[in-house]
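Residue numbers (this note's numbering): 1115 to 1187.
Right under this line is the structure:
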């Protein structure tokens, strides 16, 4: 299911916010295994963010699509 531009920008903002929260977590705040999982999540979010940014760039470069108005003859 393709997402529209508004959805993609919302997804991007959500990923960035969540990634920011995870980046604030320090190793001292949690167990070593949990911290490793958080680091893996941060890497995954980075890749996901790159894909979303690519989709947004494609949407921006394609410009608006206008459908011709057809008369009812």
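Glycine included, each C-beta is placed from N, C-alpha and C at the ideal position.
In this structure, DSSP gives residue 1177 a state outside helix and strand, which the three-state scheme calls coil. Around the Cβ of residue 1166, a 10 Å sphere holds 16 or more other Cβ atoms; the residue is buried. For residue 1120, the uninterrupted alpha helix (DSSP H) segment begins and ends at 1119 to 1137. Residue 1176 has its alpha-carbon roughly 45 Å from the corresponding atom of residue 1144. In this structure the segment 1138 to 1157 does not lie against the segment 1115 to 1124, because fewer than three pairs of beta carbons, one per stretch, are closer than 8 Å.
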